[in-house]
Every structure is written in structure tokens, then in C-alpha cells.
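Here is the structure we will look at, set down as C-alpha cells.
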Amino acid sequence: MFNEDKEAYGISWAKFEGNDKSNNSAPEFVYQNSSQLKGYPYLGQITWYSGGGYVHLLRGSKDEMLDRMRFLNQTHWIEFSTRAIIVQFTVYNPNINLFAIITALIEMPGIGAMIPSYRIETANLFGVLGSKTKLAQITSQALFAFILFCYLIKELRSMFRQRLKYFTKFWNFVELFIICGSIAAIAAYIYMILSTKLSIEEFSRTHGNIYMNFQLLAYWNENLTYLTAIICFFAMLKLVYLFRFNQRVGLLGSVLKYAATDLKYFCFIFLVVFSAFVLVFYLLYNDTLSGFKTILNAIETSMQIILGKFDFTSMYERQMVLGPLLFAAFSLCVVFVMVSMFIAILDESFQRVLKDLSLQSDDHEMTQFIAIQFIQSIGLDRTTWGKNFIKNVNTQQQEPIYDPESESSKHVAQLKSLMNEFLEHVQQNLITEERKPVDSK
1 MFNEDKEAYG ISWAKFEGND KSNNSAPEFV YQNSSQLKGY PYLGQITWYS GGGYVHLLRG
61 SKDEMLDRMR FLNQTHWIEF STRAIIVQFT VYNPNINLFA IITALIEMPG IGAMIPSYRI
121 ETANLFGVLG SKTKLAQITS QALFAFILFC YLIKELRSMF RQRLKYFTKF WNFVELFIIC
181 GSIAAIAAYI YMILSTKLSI EEFSRTHGNI YMNFQLLAYW NENLTYLTAI ICFFAMLKLV
241 YLFRFNQRVG LLGSVLKYAA TDLKYFCFIF LVVFSAFVLV FYLLYNDTLS GFKTILNAIE
301 TSMQIILGKF DFTSMYERQM VLGPLLFAAF SLCVVFVMVS MFIAILDESF QRVLKDLSLQ
361 SDDHEMTQFI AIQFIQSIGL DRTTWGKNFI KNVNTQQQEP IYDPESESSK HVAQLKSLMN
421 EFLEHVQQNL ITEERKPVDS K
């Protein structure tokens, strides 16, 4: 991408002679940058390629396109210096209202080989079709924007009141991630809508005689998908936090809180061990297996091995000695030892929290108290339903620590009585005899 040829040439890659109006060149032999083509860098199997290049547009009738292809063949448009051929086109299916942006790439590294790859991206650039559905979509979007605005004002007021203390709480960062991600998603969505509208207008104005590059729109559609996923993740995290008033969810939060220190050390150890194996796999297979061609691909493939999805045969065929050894070591250290350690930490924390009531969250008791107070304030406690509800809540409460009428309390009282008798016996028979004076001879 950084050492590509950007010069203008004459036909058959001869030296350019003339000016912009009269020259020995053709459009296919003049370099066009990414701004002119409305593209962006593209990653192939070997390296990155810029969004620019020497372009030929396939348009016109069938005979005209064949004549133009013969001309390119005769003038050696593709020759030994060519390193990549990219074919881009877009199709639209009105039945499902989806665009498909296809990019086919053939890389020629100069050693006599050709490495093909492709990328197909689908995007809904027109939105929802239909008057009723469109109205529901616009209403939902307006409601989302209004709630987001109120949410933003609330957080700004909290930030102004708390100042620097606002940034000391984890859940405040969750709120900021949700707000910032939502604003970015709205901006990306508006950009996609406006760009699609301009592209369609340009396509209609030229009656389809120009190529509309939807590659950049597909890029922003993909980013919008990622932003939506991030927003949903933090929103679900916030929802779990709100569900802490449920006794079982509160117990889960108490377990994770108790195990936080151990989990931090575990994550550090897991990161070190996992990174070591990922780097070894990358150095060993980056030039032979597509699953390890980059660090990111090596991480994804290693995670798949942990989940039990792997291709051991390919790894064995490329490295018959080191491959099986590293795979066995990775399975032993990460799949068995590290995962078992993680489960053991959670299990121990769960047992400790169950035994120690002081470690358990009592937020669920607050909701029960509020519910009972609300029922009593509106007079429903005198109804059959209200009485049954209050009775069920009271029976769910924990038993008192000491109840004289309970069976366990009777055993405790009996044990206390026996201990008192034992101490009296020791005091009378042992301590008293030691205090008696010794008779002098």
C-alpha cells in the first residue's frame, strides 16, 4: 500500500506524453486515488491495498465490454508488475430489501502464484419499507433519541454534582459507554442514510452509467453493527445490576464480589499463559495456515481450541513434531488447568458466601420491605391477596439467629447446662484440692 505506483502512463504502460486534453494515455492507465473512487484500504491474504488504483469500468453493451477487454489484453494492462486485481460490484434484492457489496481479490505476489479471496457484505441501506412499518420505525427512533437526551442530561447533572468522585465508580463508566456508543451509532446511521440518498440520486441522474461504490457504506454499516453490539453488552450489564434486588442475582453478585481479588490474579496468569501459546502458534503456522496468519486470527483460533472446535489434522500435517506437542501442552495448561482453576475459584467463593450471611447482599430485602409498605399504605393488607402476599414474604425471610422454641435452641440450652455441670465438677474436685495446705511433718 505504501510503495504502490501512482504515476500516469500511456497505453501499454509507455511513458506519458501530452497534457490532460491530448495525450497518449487511456483512462485505464491513469491512477485514481481513494477519494476519487470513494473507497478505503482493503486487507488481502498477503498485505493491505489502498482504495485507489488503475481502474476499468465494466459498462455498456455486451459487445462494447468485450471489445474493451480485448483492448486491455492487447495493451498488456495486466502484466508482470501487477500485484493485485480487485473486482467490485453491488447487487440489490428488492424482495428482502438488502444490498450485497461484493469484493473479489486476486493477489499475485510475483512468484508465479495467484491467491484468490473475496468478501461479501450485506446491508439494509433503505431502511424499512411500508408506510405502517416505517411509521413504527420512525416513532421508535424518535423515542430512543428522546430517552437518550434525558439520560444524557441526568448523567451531566450527576457529573456536575459529584465532579471527580463521579469517575471513581465503575457503573458510571458503564453509563458513559452506553451514552457515547449510542451517540456514535446515531451519527453513523444518519451518515449512512444521507450517503445512500446522495448515491441513489446520482445513480438516477446518470441513468446508471456510472459506478456507485458502496464499499464505504458497507464499512460504516459494519461499524454500526459493532457499535450496536457494544451498546447491547453494556445495557445488559446495567440490566443485571438493576436485577440485584432479586435474591438469586444478588447472590451471584456477592459471589463475584468476594472472588474479585482471586479473579484478577487469575486473569493476569491466564493472559500471560494464553499470550505465550498464541505467539508460539503464530510463529509456527502464520505462513502455512490461514487461521494463524495474523495475531488476531491466532487469538480467535486459540479460543476455538478452548471451546473444542479445532482442526488438529492440518496442524499435524504442517508440523509433525512441534504441532502435536504444542497442542497437547496448550490443552493441558489452558483447557484443563486454567479452566479448572477458574471453576474452583467460583465454587469456593460460592460456598463461602452461602455459609457467611454477612457476605450476602440484602438488597432483595429492601424491595420486599418497599412492597409491603406500599400494600399497607393503599389498604390492600386487609384483603386476602394482601395478607397472603405479606405472609409469603415473611416466611421467605431468614429465621432468627436464636429462637427459644426451636429444636436447635433446645439442644444449645441442654449443651450449656451440661457444660455448667462439668465446670462445677472441675472446680470442686481439682481446683479445691490444689488449694488445700500441705501438712508439715
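Going by UniProt numbering, the sequence shown wraps up at 441, each residue one higher than the last.
Think of the CB as a built atom: it goes at the ideal place given N, C-alpha and C, for glycine as much as any other residue.
Exposure label - residue i; buried when at least 16 CB within 10 Å
i           : result
ILE343      : exposed
MET192      : buried
TYR42       : buried
PHE167      : exposed
ILE375      : buried
TYR54       : buried
residue 449 : Only positions 1 to 441 of the chain appear in the structure, and residue 449 is not among them; the question remains open.
GLU107      : buried
ALA123      : buried
SER140      : exposed
ALA188      : buried
SER340      : exposed
THR294      : exposed
THR313      : exposed
SER35       : exposed
ASN19       : exposed
GLY112      : exposed
PHE80       : exposed
LEU289      : buried
Run of the alpha helix (DSSP H) containing residue i, from where it starts to where it stops
i      : result
ALA218 : 215–242
THR301 : 295–306
VAL174 : 170–205
ARG318 : 312–318
LYS165 : No alpha helix (DSSP H) contains LYS165, which DSSP labels as neither H nor E.
GLU79  : Taken as a continuous stretch (DSSP letters only), GLU79 belongs to no alpha helix (DSSP H), as it is neither H nor E.
LEU326 : 322–330
ILE111 : Careful: ILE111 lies outside any alpha helix (DSSP H) and carries neither H nor E.
ILE343 : 339–355
Span separating the alpha-carbon of residue i from that of residue j
i           : j      : result
ILE299      : VAL278 : 6 Å
ALA84       : THR47  : 10 Å
ILE115      : PRO109 : 8 Å
VAL335      : ALA104 : 38 Å
ASP287      : CYS333 : 25 Å
ASN224      : ARG382 : According to the sequence displayed, residue 224 carries Leu and not Asn. Their backbone Cα atoms lie some 54 Å apart in a straight line.
ARG59       : ASN209 : 7 Å
MET212      : PHE234 : 36 Å
PHE99       : SER195 : 14 Å
LEU237      : LEU271 : 23 Å
PRO404      : GLU421 : Confidence is the limiting factor: at PRO404 the pLDDT is only 44, short of 50, which leaves the residue's position unreliable and the question unanswerable from this model.
VAL174      : ILE96  : 36 Å
LEU239      : LYS355 : 27 Å
LYS197      : PHE149 : 27 Å
ALA14       : TRP77  : 11 Å
SER275      : ALA329 : 14 Å
SER12       : THR75  : 5 Å
VAL280      : LYS169 : 38 Å
GLN311      : GLY323 : Reading off the sequence shown, one finds Asp at residue 311, where the question assumed Gln. Roughly 12 Å separates the two Cα atoms.
residue 451 : GLU17  : This structure cannot settle anything about residue 451, because the visible part of the chain is limited to 1 through 441.
residue 469 : SER117 : Outside the modelled stretch of the chain, which goes from 1 to 441, sits residue 469, for which no answer is possible.
ARG163      : HIS56  : 58 Å
LYS6        : LEU125 : 33 Å
GLU202      : VAL273 : 54 Å
CYS267      : LEU325 : 25 Å
ALA142      : LEU135 : 11 Å
GLU31       : ILE269 : The sequence as given places Tyr at residue 31; Glu does not occur at that position. If you take the alpha carbons of TYR31 and ILE269, they lie about 51 Å apart.
LYS62       : ARG68  : 10 Å
Bridge partner(s) assigned by DSSP for residue i
i      : result
VAL87  : ALA104
GLN32  : GLY53
TYR9   : LYS15
TYR42  : TYR49
TYR285 : TYR285 pairs with nothing; no bridge assigned.
LEU98  : ASN93
ASN23  : GLY18
Endpoints, beta strand (DSSP E) assigned at residue i
i      : result
PRO116 : 115–123
Cβ separation of residue i and residue j, assumed to be a contact under 8 Å, to the nearest whole Å
i      : j      : result
THR301 : GLY291 : 4 Å
THR133 : ALA185 : Their Cβ separation, rounded to whole angstroms, is 21 Å, which puts THR133 and ALA185 out of contact at 8 Å.
GLY181 : ILE147 : The pair is not a contact, with the Cβ atoms about 14 Å apart (cut-off 8 Å).
MET315 : TYR282 : Going by Cβ atoms, the distance from MET315 to TYR282 rounds to 13 Å, so no, they are not a contact pair.
ALA259 : LEU346 : 6 Å
GLY52  : LEU37  : 6 Å
TYR151 : ILE120 : TYR151 to ILE120, Cβ: 37 Å. No contact.
GLY39  : SER25  : No, GLY39 and SER25 are not in contact; Cβ-Cβ is about 22 Å, not under 8 Å.
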